[in-house]
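Scroll down for the structure; my scribbles are underneath it.
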Amino acid sequence: IKSEKTNKAFKVNGHRLMPFHENPAAEAVTIEMLSLEKPSYPPAATP
Numbered sequence: 003i004k005s006e007k008t009n010k011a012f013k014v015n016g017h018r019l020m021p022f023h024e025n026p027a028a029e030a031v032t033i034e035m036l037s038l039e040k041p042s043y044p045p046a047a048t049p
């Protein structure tokens, strides 16, 4: 990513940002859905 005005590259922690290209193979993979609205906790250990 470069500034059009100054032509300087934007850097994060000294590294230039690189373009992200989506992986078309990853779109065919089913991802398990997790709900963060209703968390479930394991039972508490009894001493």
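In my numbering, the protein residues as written are 3 to 49. Glycine included, each C-beta is placed from N, C-alpha and C at the ideal position. For clarity, every value in this text was computed on a predicted model and none was experimentally measured.
{"Item": "Integer-rounded CB distance, given that Lys4 should sit under 8 Å from Lys82", "Value": "As displayed, the chain neither begins before 3 nor continues past 49, which places residue 82 out of reach and without an answer."}
{"Item": "Pairwise C-alpha distance: Glu39 and Ala47", "Value": "24 Å"}
{"Item": "Simplified DSSP assignment, three categories, for Ala11", "Value": "strand"}
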